[in-house]
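As structure tokens, the structure follows; a few thoughts come after it.
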Amino acid sequence: MSTAMNFSSKSFTPRPPDKGAFPLDHFGECSAFKERFMECLRQSGYESAACRQSALAYLECRMDRQLMANEPLEKLGFKDLINEKSEEKPKKP
2 MSTAMNFSSK SFTPRPPDKG AFPLDHFGEC SAFKERFMEC LRQSGYESAA
52 CRQSALAYLE CRMDRQLMAN EPLEKLGFKD LINEKSEEKP KKP
């Protein structure tokens with residue numbers, strides 16, 4: 002009766018994250034945005050949907066400072082917030 006498992010038959014091959022590695026914010030360039038987002042989460046009872054504007058601002062800060070790859074905000078799930086921004090801007094005659 003052998004209850005030992007044979008791990009040599011299958012090997013685990015680690016793979017990198019889908020979005021790749023990104024540098025940490027060592028210089029605190031986006032810490033104010035992060036703190037606003039974290040404060041919003043605390044005030045909303047950690048309901049992330051209530052803090053999407055703060056999350057958007059934080060991600061834009063990271064992208065602007067090359068702390069993460071530039072991604073279209075629509076692809077990150079902020080399409081509705083982008084549409085709201087464009088509707089708020091007055092149109093030129």
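Mind the numbering: the sequence shown is residues 2 to 94 in the working numbering, read in order. Just so it is clear, CB atoms sit at the ideal spot from N, CA and C, and this is done for glycine as well. Model, not experiment: these values are computed from the prediction.
Can you tell me whether A56 is buried or exposed, with buried defined as 16 or more other CB within 10 angstroms of its CB?
The residue labelled residue 56 in the question sits at position 55 within the sequence shown. Buried, since its Cβ has 16 or more Cβ neighbours within 10 Å.
Would you be able to state if there are at least three C-beta pairs under 8 Å between the region 41 to 51 and the region 71 to 81?
no
Does the Cβ of R63 have 16 or more other Cβ atoms within 10 Å, making it buried, or fewer, making it exposed?
Translated into positions along the sequence shown, residue 63 becomes position 62. By the 10 Å Cβ count, R63 comes out buried.
Let me check understanding here. Comparing Cα to Cα, which of R16, R53 and S12 lies closest to F34?
Locating residue 34 in the sequence shown gives position 33, where the first residue counts as 1. With distances taken between Cα atoms, F34 lies closest to R53.
With H, G and I counted as helix, E and B as strand and the rest as coil, what does DSSP make of P94?
In the sequence shown, the residue the question calls residue 94 occupies position 93. Note on P94: pLDDT 46, under 50, position unreliable in the model; no value is reported.
Between N71 and the rest of its own chain, which residues show a CB-CB distance below 8 Å, the 5 nearest in sequence each way excluded?
Here residue 71 corresponds to residue number 70 of the sequence shown, with the count starting at 1. Hits under 8 Å: M64.
In whole angstroms, what separates the C-alpha of R66 from that of F38?
Indexing the sequence shown from 1 puts residue 66 at position 65. Indexing the sequence shown from 1 puts residue 38 at position 37. R66 and F38: Cα-Cα distance of roughly 18 Å.
From L68 to E75, what does the alpha carbon distance come to, in whole angstroms?
Reading the sequence shown from its first residue, position 67 is the one you call residue 68. Reading the sequence shown from its first residue, position 74 is the one you call residue 75. Roughly 19 Å separates the two Cα atoms.
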